[in-house]
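Engineer: Handing you this structure, nothing more for now.
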Amino acid sequence: HDLYIRALKLLEKHFGKAHPDTLPVMTSLAASHRWHGENLKALKLEVRVLEYRKKNHGLEHPFTLRAMENVASTLSSLGKYQYARDVNVQILETREKHLGPDHPDTITSMGTLAINHMSLGEYQTAKKLQIQVVELRQIHLGHQHRDTIFEIDTLAYIHHELGEYQETLELREKIAEWQ
10 HDLYIRALKL LEKHFGKAHP DTLPVMTSLA ASHRWHGENL KALKLEVRVL EYRKKNHGLE
70 HPFTLRAMEN VASTLSSLGK YQYARDVNVQ ILETREKHLG PDHPDTITSM GTLAINHMSL
130 GEYQTAKKLQ IQVVELRQIH LGHQHRDTIF EIDTLAYIHH ELGEYQETLE LREKIAEWQ
């Protein structure tokens, strides 16, 4: 990630830390840090990007929401699941309000939040959210779409963790039938 570091220093020198051309490089450097397991360095950069995005675009802007997703993902990587959940709740609420409950980004945010609840051991809450995700994916993508199948598999996992083995088996049989 030395290239990203050099590029970021040059861009910050010539354009400033909050310039629109600087932020994508900062985001890429953060991703590189995450890739190398340097999650604290990544988080520091992601929080800076998020602060700039909120200030310049507002909370509802797709760039800001993406920056929030990056922060939440890194928080999860650090085992800070409750903080990640709080960020993911804010993302979902914002997308539901501005994009509607059926928008693909809103559905993805709901699925991310369900996985976040799984990480916290909150399987009943995760199950409720994941059932909604599966239903919405089936409506918009069909039963055999790979995204729908992925969401059904996640739901099967939740059922398994709850000891609901019959439901797990039924869902896994459906997946096998569709593939």
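Per this note's numbering: the sequence shown = residues 10 to 188. Every residue gets a Cβ at the ideal spot worked out from N, C-alpha and C, and that includes glycine. A quick note: this is a predicted structure, and the numbers were derived from the prediction, not measured.
(1) Taking all protein chains shown into account, decide if His168 is buried (16 or more other Cβ within 10 angstroms of its Cβ) or exposed.
(2) Give the DSSP-derived three-state secondary structure of Lys22 in the structure shown.
(3) Keeping to the same chain, check which residues put their C-beta closer than 7 Å to that of Met119; ignore five residues upstream and five downstream.
(4) List, from N- to C-terminal side, the alpha helix (DSSP H) runs of 4 residues or more that fit wholly inside the stretch 48–111.
(5) What ranges does the alpha helix (DSSP H) occupy inside the stretch 123–178, keeping only unbroken runs of at least 4 residues that lie completely in it?
(6) Does the stretch 57–76 touch the stretch 102–109, meaning 3 or more C-beta pairs lie closer than 8 Å?
(7) Work out the CA separation of Trp44 and Val56 for me, nearest whole Å.
(8) For Lys63, I'd like the list of residues in its chain whose CB is within less than 7 Å of its CB, leaving aside the five on either flank, ordered along the chain.
(9) Does Leu164 pass the burial test, meaning 16 or more other C-beta atoms within 10 Å, or should it be called exposed?
(10) By alpha-carbon positions, which one of Glu47, Thr36, Ile116 ends up nearest to Met77?
(11) Thinking C-alpha only, which one of Ala123, Pro113, Leu52 is nearest Ala39?
(12) With distance defined between alpha-carbon atoms, name the residue in Ala185, Leu20, Glu131, Glu176 nearest to Arg155.
(13) Whole angstroms are fine: how far does the CA of Lys50 sit from the CA of Lys136?
(14) Quick check on the DSSP output: the alpha helix (DSSP H) that includes Pro33 runs from which residue to which?
(15) Look up Ala185 in the DSSP assignment and say whether it is helix, strand or coil.
(16) By the three-class DSSP mapping on this structure, what secondary structure does Ala16 have?
Structural biologist: The short version:
(1) Under this definition His168 is a buried residue.
(2) Correct three-state label for Lys22: helix.
(3) The beta carbon of Met119 sits closer than 7 Å to those of Leu101, Leu138, Gln141, Val142, all from its chain and outside the five residues before and after it, given in chain order.
(4) Runs found: 48–66, 71–86, 90–108.
(5) Annotation: the stretch 123–178 contains the following complete segments of the alpha helix (DSSP H) (minimum length 4 residues), in chain order: 132–150, 155–170.
(6) Touching, per the Cβ criterion.
(7) Roughly 17 Å between the two C-alpha positions.
(8) Answer for Lys63: Thr73, listed in chain order.
(9) By the beta-carbon neighbour count (other beta carbons within 10 angstroms, threshold 16), Leu164 is buried.
(10) It is Thr36.
(11) For the residues Ala123, Pro113, Leu52, the minimum Cα distance to Ala39 belongs to Leu52.
(12) Considering only alpha carbons, the answer is Ala185.
(13) Inter-residue distance for Lys136 and Lys50 is about 33 Å (C-alpha atoms, whole angstroms).
(14) In the DSSP assignment, Pro33 falls within the alpha helix (DSSP H) that extends over 31–44.
(15) Residue state, collapsed to three classes: helix.
(16) Under the three-state reduction of DSSP output, Ala16 falls in the helix class.
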